[in-house]
Ligand code: PA5
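Numbering (my numbering), first residue to last: 11 to 444.
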């Protein structure tokens with residue numbers, strides 16, 4: 011199996027697996043027969059078969075144009091129109107991509123905006139722009155979300171002032187709905203190149219569409235290889251058998267644990283570059299399952315750093331949590347710890363070991379401790395942190411989320427709570443019609 015899932019330390023009994031099996035079967039049928047609630051948003055299920063090849067070609071061409079001409083790519087978006095691209099960027103690029111010399115980067119710096127309303131953040135981004143070549147990719151399915159819309163108005167005005175109308179329209183690329191929304195109208199009027207967010211794919215399931223693919227290709231990530239991972243996952247996880255399908259095992263295990271009062275799931279990783287995967291995952295599971303008075307609260311930590319902050323609570327606090335750790339099998343690069351003649355820091359016992367070895371032992375030691383503390387531990391292992399594994403992992407989580415949501419008895423594809431906040435904000439800001 012390419013992605014290994016281990017629930018042996020999850021305090022799960024065999025009969026609990028047997029009992030949940032029929033519910034997994036029903037969830038599988040609801041999803042694949044497109045008979046479940048929200049089925050009109052399941053276009054991601056066989057995405058690599060239906061993807062528009064002409065648009066994919068255009069993504070490559072446009073990404074190359076951005077790579078050649080931009081020093082900075084501003085990516086404007088929030089929620090599902092932001093987190094997936096950021097997660098992939100952080101996981102698959104150099105940890106210090108934006109700080110690398112341009113000759114090493116061979117791609118523009120990537121700056122995400124429109125995901126907050128902080129005047130400090132806006133102002134600080136402005137300090138970066140003058141004297142650098144700027145491109146913008148504005149991403150919004152609805153085209154009306156306040157944060158990216160305000161950011162776009164601001165940065166578009168900067169572009170128009172600096173480059174003039176015609177040149178700035180060449181440097182702005184919009185990713186939005188095929189036909190509707192303010193952004194689409196604006197893009198058509200100004201003649202921006204546009205990419206489509208398919209009608210049948212909701213924001214938090216959209217990272218493998220142009221939403222993620224264009225900015226990722228622009229910074230040099232191999233999106234074809236990533237889609238190959240998605241494709242392989244779609245085949246592997248179409249198997250309805252709970253015994254053979256690790257994606258369904260993850261979905262079922264979390265529902266079993268939730269019914270035992272484990273109401274918080276903590277996604278753990280030992281790779282700082284997976285921190286934003288945690289943010290993406292929180293949106294996916296929080297928005298998909300947190301409704302109708304139900305839901306597992308998704309949290310995330312980055313170890314070993316957070317062992318020194320959250321470790322105490324996980325070890326010893328209220329026993330309503332379980333952990334899911336993402337492990338990376340191997341890295342292309344590692345560092346060997348050297349010996350020291352004086353050994354004043356007492357670290358010679360680590361001589362010859364690698365940083366990766368120590369990280370692994372930190373994981374093993376932590377799991378032992380947390381198990382002793384009564385915290386069920388699930389583990390997902392990917393062989394490497396590369397495009398193929400990442401694509402597979404994204405699909406693994408998306409499908410597990412849909413199955414888990416159906417087992418839980420909710421529509422995993424709507425987000426009435428988010429809509430409510432948006433409506434209130436419009437009303438409080440005086441938008442007409444709210
Ligand atoms: O999952 C969702 O639908 C939301 O989080 C959206 O992705 C987010 O609100 C951004 O919406 P839009 O792409 O319409 O600007």
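From the three backbone atoms N, C-alpha and C, an ideal C-beta is built for every residue, glycine too.
Proximity test, residue i beta-carbon vs ligand 1 heavy atom, cut-off 7 Å
i, result
"residue 297", "yes"
"residue 250", "no"
"residue 428", "yes"
"residue 155", "yes"
"residue 47", "no"
"residue 18", "no"
"residue 214", "yes"
"residue 292", "no"
"residue 88", "yes"
"residue 425", "yes"
"residue 158", "yes"
"residue 409", "no"
"residue 91", "yes"
"residue 150", "yes"
heavy atom of ligand 2 below 7 Å from residue i C-beta
i, result
"residue 39", "Inclusion of ligand 2 in the displayed structure is not the case, the ligand content consisting of ligand 1 alone."
Sheet register partners of residue i (DSSP bridge)
i, result
"residue 308", "275"
"residue 388", "334"
"residue 150", "186"
"residue 346", "364"
Which of helix, strand or coil DSSP assigns to residue i
i, result
"residue 205", "strand"
"residue 270", "coil"
"residue 144", "strand"
"residue 357", "coil"
"residue 229", "coil"
"residue 428", "helix"
"residue 217", "coil"
"residue 447", "This structure leaves residue 447 out entirely; the chain is present only between 11 and 444."
"residue 282", "helix"
"residue 71", "helix"
"residue 396", "coil"
"residue 314", "coil"
"residue 441", "coil"
"residue 127", "coil"
"residue 329", "coil"
"residue 195", "helix"
"residue 210", "coil"
"residue 252", "coil"
"residue 291", "helix"
"residue 409", "helix"
"residue 89", "helix"
"residue 137", "helix"
"residue 106", "coil"
Range of the contiguous alpha helix (DSSP H) that encloses residue i
i, result
"residue 34", "24 to 42"
"residue 377", "365 to 382"
"residue 448", "One cannot answer for residue 448 here, as it falls past the ends of the chain, which runs 11 to 444."
"residue 60", "57 to 60"
"residue 420", "Neither: residue 420 is in no alpha helix (DSSP H) and is coded neither H nor E."
"residue 85", "Where residue 85 is concerned, there is no enclosing alpha helix (DSSP H), although the beta strand (DSSP E) it sits in stretches over 82 to 86."
"residue 115", "112 to 115"
"residue 301", "It is not in any alpha helix (DSSP H) - residue 301 carries neither H nor E in the DSSP assignment."
"residue 102", "93 to 102"
"residue 323", "321 to 326"
Range covered by the beta strand (DSSP E) that runs through residue i
i, result
"residue 18", "14 to 19"
"residue 119", "119 to 123"
"residue 184", "182 to 187"
Minimum C-alpha distance to residue i - residue among the options
i, options, result
"residue 387", "331, 265 and 407", "331"
"residue 336", "181, 374 and 185", "374"
"residue 208", "38, 110, 91 and 320", "91"
"residue 242", "22, 93 and 58", "58"
"residue 274", "98, 285 and 311", "311"
"residue 40", "30, 419, 320 and 440", "419"
"residue 21", "415, 401, 425 and 383", "383"
"residue 83", "307, 230 and 314", "230"
"residue 283", "30, 96, 88 and 43", "96"
"residue 428", "144, 155 and 328", "155"
"residue 100", "408, 397, 409 and 443", "397"
"residue 203", "153, 72 and 291", "72"
"residue 413", "295, 317, 437 and 309", "295"
"residue 105", "305, 219, 281 and 195", "281"
"residue 217", "120, 51, 164 and 93", "93"
"residue 289", "136, 234 and 308", "308"
"residue 235", "257, 77, 54 and 402", "402"
Contact with chain C by residue i, beta-carbon distance below 8 Å
i, result
"residue 292", "Any reference to chain C falls outside this structure, which holds one protein chain only."
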